[in-house]
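Chemist: Here it is, the structure in full.
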Amino acid sequence: MKTRKILLIDDERDFGILMKNFFSQKNCEVYHAQTLAEGMKILEQEKPDVIFLDNNLPDGLGWGKTEYILVNYPLSQLNLISAYHVPKTSASSFRILEKPLVLEEINKMFE
Numbered sequence: 017m018k019t020r021k022i023l024l025i026d027d028e029r030d031f032g033i034l035m036k037n038f039f040s041q042k043n044c045e046v047y048h049a050q051t052l053a054e055g056m057k058i059l060e061q062e063k064p065d066v067i068f069l070d071n072n073l074p075d076g077l078g079w080g081k082t083e084y085i086l087v088n089y090p091l092s093q094l095n096l097i098s099a100y101h102v103p104k105t106s107a108s109s110f111r112i113l114e115k116p117l118v119l120e121e122i123n124k125m126f127e
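Just remember that our numbering sits 16 ahead of the position in the sequence shown, which is counted from 1.
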């Protein structure tokens, strides 16, 4: 089975550690960026299979990068995460997950 590459772009350090531990148990390579700029650099270098992108980051809104990611990385599964309400549109080609995330829900994505 191919090892999945996971990119988490979220400025919360503890959340990053939790997610890294969770995905490492599933034999995934996990990359964690705490800024949008750092995350976009890792995205370009690693081309992850799954992306968890926080909407509110210190250097910008994740929502503003969704179209770029969908167009340039169509094979990556994009998940926008936010502690605040994000409007769901019928044109959305990605999941919108609300914080706090429930690990059981994320686990279902990998079954």
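Glycine included, each C-beta is placed from N, C-alpha and C at the ideal position.
1. Here's the rule I'm using: 16 or more other beta-carbon atoms within 10 Å means buried, otherwise exposed. How should ASN71 be labelled?
2. Can you find the residues in the same chain that come closer than 7 Å, C-beta to C-beta, to LEU77, ignoring five residues on each side of it along the sequence?
3. Go through its chain and collect everything with a Cβ distance to TRP79's Cβ below 6 Å, but skip five positions before and after it.
4. Do PHE110 and ASN95 have their C-beta atoms closer together than 8 Å?
5. Could you tell me which uninterrupted beta strand (DSSP E) segments, each at least 3 residues in length, are contained entirely in the region 24-51, listed from first to last along the chain?
Modeler: By the coordinates alone:
1. buried
2. ASN71
3. ASN71
4. yes
5. 45-49
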